[in-house]
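What follows is one structure encoded as structure tokens, with my remarks underneath.
Residue numbers (the numbering used here): 28 to 542.
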């Protein structure tokens, strides 16, 4: 798949947006998170004509605020959601083995057996881990991709997580799951793959009104309003879905993460599952990122009231996460050690009772009386299956016709086997984030050797990544570059330091707001 076919940039956006008023597309997708981009790819790869729009940017909403994990469904199995657990394990295998092996890799996790974890609770978790391994087997994910669980001695546990409190430590339970290089990078890869199959992927295009025959939209860059006519419409706007289609009732839940320096936790060799006292089957995750940062999360709190564009963590949630960390670590992590924090809203279907932590993560596909298909619920891991079900619902309306989904076999942009990736002549960081396209980024240095220098001294992000994002990944302003194509913006101080470099990477005609 050549970069030319999959490239998203300002020129392609303007050209395709100008052409839309004279056409009727088969499918209009509203929302370009993981699910919406997945719907665009699924529909386009079945041969349907597709326009996909978002009021902001790729991965602007929930899809960039996850734990950056591709879960195998163990938590859902523990709560009795066997179908959700199996679906998660299958989709994890699809991503790791076929569609995105360059972005998803195995990450070990240790649950420390501290004095706060009873032997009975440890036995229950151990049974659960072996049940999770059975899910892996049922999903046909090879052991070479995801090793099996086992018990660790205290020495082995401390070798993987030196910051743990050694007093009373009985050892640990080792398990494995899938880790994303970055959730927003996954969405970008899905959207570019959809574009390579002919989908028109248009950011900064807001849906003002929509029905089963299309939408009235506004180009947020120029203020121009236009009508996009479509035979079918899919509402994939996540927590905002109820604002576009009547009858969609959501109960958002806020999940908050902290960003810490890796040295604050003594150089982790694995992730951690730290049990939450008094809560069965709930853990705080400590997830090393390989770029000098560690994420700690996550909370599960009801998010009542209007839905903000960018959710904000609360002081209470930050304090809760630090308290759970301190229950297992030798040295406390203070608030001054927190480099940044981020929160995302899960688009959960309202079941009218219980806490948000208990609401099923199963997705739903709803078709309104006028034919708008809305897909809500679910989670990042199962985006592909959600998209497939949404397009199947589109076909069920009888307004368009196409064959079955092909996306479980379509590699995303940059995908390649691990052995092929290991042979690439490019910096390791680029290979881990761009896969087979990494040598193309490294080749930009032929134009300007400075592009292989860090954006800011001390940060791993290279200037070539900013240039690539503008030319091929649809970045239109500095926020796109800092907050989504790279994740520099998760640490406010780093964002401030990198802002000038981001603005310099944009064409002179582009807008580059600091916000």
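Glycine residues also receive a C-beta, built at the ideal position from the N, C-alpha and C atoms.
query	result
Cut-off 6 Å between Cβ atoms - residues of its own chain near residue 528, not counting five sequence neighbours on either side	482
Distance, residue 229 Cα to residue 47 Cα	11 Å
Where residue 194 sits in the DSSP three-state scheme	coil
Burial state of residue 196, where buried means 16 or more other Cβ atoms lie within 10 Å	buried
C-alpha distance - residue 423 paired with residue 91, whole-angstrom precision	31 Å
Close Cβ partners of residue 32 (< 6 Å) along its chain, the five nearest in sequence each way excluded	223
For residue 220, the three-state DSSP class (helix, strand or coil)	helix
Residue burial classification, residue 147 (beta-carbon count within 10 angstroms, cutoff 16)	exposed
At least 3 beta-carbon pairs within less than 8 Å: the region 255 to 263 vs the region 401 to 408	yes
Rounded Cβ spacing between residue 543 and residue 81 (contact assumed at less than 8 Å)	Residue 543 cannot be examined here, being either before or after the span of the chain that is shown, 28 to 542.
Cβ neighbour criterion (16 or more within 10 Å) applied to residue 502	buried
Beta-carbon spacing of residue 184, residue 139 below 7 Å	yes
Within 7 Å, strictly: CB atoms of residue 62 and residue 413	yes
Cβ-Cβ separation, residue 373 to residue 280 (assumed contact under 8 Å), whole Å	4 Å
Three-state secondary structure (DSSP) of residue 354	coil
heavy atom of the ligand HEM below 6 Å from residue 202 C-beta	In the structure shown, the ligand HEM is absent, as is every other ligand, since no ligand is present at all.
Inside the region 395 to 452 only - beta strand (DSSP E) runs reaching at least 3 residues	399 to 403
Limits of the alpha helix (DSSP H) - the one that residue 160 falls within	146 to 165
Counted within 10 angstroms of its Cβ, other Cβ atoms place residue 52 as buried (16 or more) or exposed	buried
Whole-number beta carbon distance between residue 96 and residue 204, since they are thought to touch under 8 Å	6 Å
The region 33 to 42 / the region 501 to 517 touching (three or more Cβ pairs under 8 Å)	yes
Where the beta strand (DSSP E) containing residue 246 begins and where it ends	241 to 246
Cα-Cα separation, residue 293 to residue 351	17 Å
Element boundaries [beta strand (DSSP E), containing residue 203]	199 to 207
Opening and closing residue of the alpha helix (DSSP H) in which residue 282 lies	That residue, residue 282, is in no alpha helix (DSSP H); its beta strand (DSSP E) goes 280 to 288.
Sufficient close CB pairs (3 or more, under 8 Å) joining the region 66 to 82 to the region 159 to 177	no
Cα-Cα separation, residue 282 to residue 89	10 Å
Continuous beta strand (DSSP E) stretch holding residue 63: start and end	Careful: residue 63 lies outside any beta strand (DSSP E), inside the alpha helix (DSSP H) at 61 to 72.
Buried or exposed (CB count within 10 angstroms, at least 16 for buried), residue 126	buried
Residue 386 versus residue 375 - alpha carbon distance	Interpretation of residue 386 is limited by its pLDDT of 45, a score under 50 that renders its predicted location unreliable; no figure is taken from the coordinates.
Close Cβ partners of residue 124 (< 8 Å) along its chain, the five nearest in sequence each way excluded	168, 169 and 172
Residue 512, DSSP secondary structure in three states	helix
Distance between residue 418 and residue 433 (C-alpha atoms, nearest Å)	11 Å
Residue 384 (DSSP reduced to helix, strand or coil)	Because the pLDDT at residue 384 is just 48, under 50, the model does not fix this residue reliably, and the value given afterwards should be weighed accordingly. In this structure, residue 384 counts as helix in the three-state DSSP scheme.
Short Cβ contact (7 Å threshold) for residue 398 with residue 159	no
Opening and closing residue of the beta strand (DSSP E) in which residue 465 lies	Unbroken run through residue 465 is the alpha helix (DSSP H), 465 to 470; no beta strand (DSSP E).
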